[in-house]
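For the sequence shown, my numbering begins at 1153 and goes up steadily by one. Think of the CB as a built atom: it goes at the ideal place given N, C-alpha and C, for glycine as much as any other residue. Fair warning: this is a prediction, and the values are worked out from it, not measured in the lab.
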Amino acid sequence: MNNLVIYKSSSLYDILKEISSDFNFKIEFIDEENKLNVKLKTLKNYLILSNKKYLDINDLIVLYDLPMNIFKLVEKINTEFLKLQYSKQSKIRLNDYIVDLNSREISSKTNKVKLTEKEIDTIMYLLNANKPVAIDELQKKIWNYQNEIESHTVETHIYRLRKKFLDIFNDNKFIISEKNGYKIE
(Lines of atoms letter the chains of each structure in order from A and count residues from 1; the text may use other names and numbers.)
(Lines give C-alpha, C1' and ligand atoms only; values in the text may rest on other atoms or scores of the structure.)
Protein backbone atom coordinates (compact mmCIF):
# COMPACT_ATOMS: atom_id res chain seq x y z
CA MET A 1 0.00 0.00 0.00
CA ASN A 2 1.27 3.44 -0.92
CA ASN A 3 1.25 6.08 1.81
CA LEU A 4 0.99 9.81 1.33
CA VAL A 5 2.21 11.76 4.32
CA ILE A 6 1.09 15.37 4.33
CA TYR A 7 3.62 17.36 6.28
CA LYS A 8 2.70 20.64 7.97
CA SER A 9 -0.26 21.43 5.74
CA SER A 10 -3.47 20.64 7.59
CA SER A 11 -5.71 22.44 5.09
CA LEU A 12 -4.38 20.29 2.25
CA TYR A 13 -4.89 17.19 4.37
CA ASP A 14 -8.51 18.17 5.07
CA ILE A 15 -9.23 18.67 1.37
CA LEU A 16 -7.64 15.38 0.31
CA LYS A 17 -9.25 13.46 3.17
CA GLU A 18 -12.69 14.51 1.89
CA ILE A 19 -12.13 12.72 -1.43
CA SER A 20 -9.74 9.99 -0.27
CA SER A 21 -12.17 7.09 -0.77
CA ASP A 22 -11.24 7.07 -4.48
CA PHE A 23 -7.47 7.04 -3.93
CA ASN A 24 -5.17 4.06 -4.25
CA PHE A 25 -3.01 5.38 -1.42
CA LYS A 26 -3.47 6.03 2.28
CA ILE A 27 -3.30 9.61 3.60
CA GLU A 28 -1.80 10.71 6.88
CA PHE A 29 -1.07 14.11 8.42
CA ILE A 30 2.05 14.83 10.47
CA ASP A 31 3.13 18.24 11.74
CA GLU A 32 6.30 17.52 13.74
CA GLU A 33 9.68 16.49 12.34
CA ASN A 34 10.44 13.89 15.01
CA LYS A 35 7.02 12.24 14.47
CA LEU A 36 7.72 12.24 10.74
CA ASN A 37 11.09 10.53 11.21
CA VAL A 38 9.55 7.85 13.43
CA LYS A 39 6.70 7.24 10.98
CA LEU A 40 8.98 6.97 7.94
CA LYS A 41 10.92 4.17 9.60
CA THR A 42 7.76 2.05 9.60
CA LEU A 43 6.60 2.83 6.04
CA LYS A 44 7.90 1.16 2.89
CA ASN A 45 6.21 2.98 0.02
CA TYR A 46 5.67 6.61 0.84
CA LEU A 47 5.72 10.11 -0.52
CA ILE A 48 5.69 13.28 1.51
CA LEU A 49 3.61 16.22 0.38
CA SER A 50 4.39 19.69 1.64
CA ASN A 51 4.17 23.31 0.57
CA LYS A 52 7.83 23.92 1.53
CA LYS A 53 11.15 22.37 0.56
CA TYR A 54 12.93 20.54 3.37
CA LEU A 55 16.52 19.62 2.55
CA ASP A 56 16.77 16.54 4.73
CA ILE A 57 13.62 14.81 3.44
CA ASN A 58 13.64 12.30 0.58
CA ASP A 59 10.68 11.48 -1.66
CA LEU A 60 9.17 14.91 -1.15
CA ILE A 61 6.63 16.57 -3.43
CA VAL A 62 6.67 20.31 -2.93
CA LEU A 63 3.59 22.27 -3.95
CA TYR A 64 4.79 25.68 -5.02
CA ASP A 65 1.84 26.61 -7.23
CA LEU A 66 -1.09 26.84 -4.87
CA PRO A 67 -4.00 26.92 -5.35
CA MET A 68 -3.93 23.89 -7.63
CA ASN A 69 -6.59 21.82 -9.34
CA ILE A 70 -7.20 18.91 -6.97
CA PHE A 71 -7.48 16.35 -9.77
CA LYS A 72 -4.15 17.47 -11.22
CA LEU A 73 -2.65 17.12 -7.77
CA VAL A 74 -3.96 13.56 -7.39
CA GLU A 75 -2.64 12.75 -10.88
CA LYS A 76 0.77 14.14 -9.90
CA ILE A 77 0.79 12.06 -6.70
CA ASN A 78 -0.10 8.88 -8.61
CA THR A 79 2.63 9.60 -11.16
CA GLU A 80 5.19 10.10 -8.40
CA PHE A 81 4.18 6.80 -6.78
CA LEU A 82 4.68 5.05 -10.14
CA LYS A 83 8.12 6.63 -10.54
CA LEU A 84 9.05 5.61 -7.01
CA GLN A 85 7.93 2.03 -7.60
CA TYR A 86 9.83 1.85 -10.90
CA SER A 87 12.97 3.23 -9.28
CA LYS A 88 12.80 0.79 -6.36
CA GLN A 89 12.25 -2.19 -8.66
CA SER A 90 15.34 -1.32 -10.66
CA LYS A 91 17.70 -1.35 -7.67
CA ILE A 92 19.02 -4.66 -6.42
CA ARG A 93 21.15 -5.18 -3.33
CA LEU A 94 24.17 -7.39 -3.96
CA ASN A 95 26.36 -7.84 -0.88
CA ASP A 96 27.88 -4.39 -0.23
CA TYR A 97 26.69 -3.02 -3.58
CA ILE A 98 23.55 -1.60 -5.15
CA VAL A 99 22.97 -2.55 -8.78
CA ASP A 100 20.84 0.01 -10.62
CA LEU A 101 19.44 -1.73 -13.68
CA ASN A 102 18.02 1.48 -15.18
CA SER A 103 21.22 3.50 -15.14
CA ARG A 104 23.45 0.40 -15.49
CA GLU A 105 25.55 1.38 -12.50
CA ILE A 106 26.82 -0.45 -9.49
CA SER A 107 27.68 1.48 -6.37
CA SER A 108 29.10 1.03 -2.92
CA LYS A 109 28.95 3.51 -0.06
CA THR A 110 31.91 5.41 -1.49
CA ASN A 111 32.14 4.72 -5.25
CA LYS A 112 30.12 3.90 -8.30
CA VAL A 113 30.87 2.72 -11.79
CA LYS A 114 28.99 2.51 -15.09
CA LEU A 115 28.59 -0.97 -16.54
CA THR A 116 27.86 -2.20 -20.03
CA GLU A 117 24.66 -4.05 -20.80
CA LYS A 118 26.58 -7.35 -21.07
CA GLU A 119 28.29 -6.71 -17.73
CA ILE A 120 24.91 -6.15 -16.06
CA ASP A 121 23.51 -9.25 -17.80
CA THR A 122 26.49 -11.32 -16.65
CA ILE A 123 26.25 -10.10 -13.05
CA MET A 124 22.50 -10.72 -12.90
CA TYR A 125 22.82 -14.18 -14.46
CA LEU A 126 25.55 -15.19 -12.00
CA LEU A 127 23.58 -13.73 -9.10
CA ASN A 128 20.35 -15.53 -10.01
CA ALA A 129 22.06 -18.86 -10.73
CA ASN A 130 22.94 -19.51 -7.07
CA LYS A 131 25.61 -21.95 -8.27
CA PRO A 132 28.80 -21.81 -10.34
CA VAL A 133 28.01 -21.15 -14.02
CA ALA A 134 30.10 -22.77 -16.74
CA ILE A 135 31.65 -20.69 -19.52
CA ASP A 136 29.61 -22.42 -22.24
CA GLU A 137 26.38 -21.66 -20.34
CA LEU A 138 27.31 -17.96 -20.15
CA GLN A 139 28.22 -17.99 -23.85
CA LYS A 140 24.84 -19.46 -24.70
CA LYS A 141 22.66 -17.40 -22.33
CA ILE A 142 24.39 -14.01 -22.42
CA TRP A 143 26.04 -13.91 -25.85
CA ASN A 144 23.84 -16.42 -27.74
CA TYR A 145 26.92 -18.32 -28.92
CA GLN A 146 26.81 -21.99 -29.91
CA ASN A 147 28.96 -24.46 -27.96
CA GLU A 148 30.91 -25.38 -31.08
CA ILE A 149 32.35 -21.87 -31.45
CA GLU A 150 35.63 -21.36 -29.63
CA SER A 151 35.70 -17.95 -28.05
CA HIS A 152 37.30 -16.24 -25.10
CA THR A 153 34.54 -13.63 -24.85
CA VAL A 154 33.33 -14.79 -21.43
CA GLU A 155 36.83 -14.97 -19.95
CA THR A 156 37.63 -11.51 -21.34
CA HIS A 157 34.45 -9.98 -19.89
CA ILE A 158 34.97 -11.64 -16.51
CA TYR A 159 38.56 -10.39 -16.47
CA ARG A 160 37.41 -6.82 -17.25
CA LEU A 161 34.66 -6.94 -14.64
CA ARG A 162 37.09 -8.18 -12.01
CA LYS A 163 39.53 -5.42 -12.97
CA LYS A 164 36.80 -2.77 -12.58
CA PHE A 165 35.90 -4.08 -9.15
CA LEU A 166 39.51 -4.20 -8.08
CA ASP A 167 40.31 -0.70 -9.41
CA ILE A 168 37.12 1.07 -8.28
CA PHE A 169 36.06 -0.86 -5.16
CA ASN A 170 39.32 -2.59 -4.17
CA ASP A 171 37.40 -5.89 -4.31
CA ASN A 172 39.23 -8.87 -5.80
CA LYS A 173 36.62 -11.44 -4.74
CA PHE A 174 33.50 -10.15 -6.52
CA ILE A 175 33.41 -12.96 -9.10
CA ILE A 176 34.83 -16.26 -7.86
CA SER A 177 36.31 -18.92 -10.16
CA GLU A 178 35.58 -22.52 -9.31
CA LYS A 179 36.47 -25.61 -11.31
CA ASN A 180 32.94 -25.84 -12.74
CA GLY A 181 32.41 -22.12 -13.46
CA TYR A 182 32.05 -18.60 -12.11
CA LYS A 183 29.88 -17.40 -9.26
CA ILE A 184 29.06 -14.36 -7.16
CA GLU A 185 28.84 -14.96 -3.41
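What span of residues does the alpha helix (DSSP H) with residue i cover, start to end?
| i | result |
| --- | --- |
| residue 1165 | 1162-1170 |
| residue 1281 | 1269-1281 |
How about residue i and residue j: are their beta carbons less than 8 Å apart?
| i | j | result |
| --- | --- | --- |
| residue 1229 | residue 1177 | yes |
| residue 1159 | residue 1201 | yes |
| residue 1157 | residue 1204 | no |
| residue 1275 | residue 1251 | yes |
| residue 1260 | residue 1321 | yes |
| residue 1313 | residue 1257 | no |
| residue 1113 | residue 1335 | Outside the displayed span of the chain (1153 to 1337) sits residue 1113, for which this structure offers no information. |
| residue 1290 | residue 1277 | yes |
| residue 1246 | residue 1279 | yes |
Let's see if you can read the secondary structure: which residues bound the beta strand (DSSP E) around residue i?
| i | result |
| --- | --- |
| residue 1311 | Residue 1311 -> not in any beta strand (DSSP E); alpha helix (DSSP H) instead, spanning 1305-1321. |
Who does residue i pair with in a DSSP beta bridge?
| i | result |
| --- | --- |
| residue 1252 | 1243 and 1257 |
| residue 1329 | 1334 |
Once DSSP output is grouped into helix, strand and coil, what is the label at residue i?
| i | result |
| --- | --- |
| residue 1264 | strand |
| request: Jot down the residue ranges of each uninterrupted beta strand (DSSP E) in the segment 1154-1228, minimum 3 residues, whole runs only, in chain order. | output: 1154-1159, 1177-1182, 1198-1202 and 1212-1214
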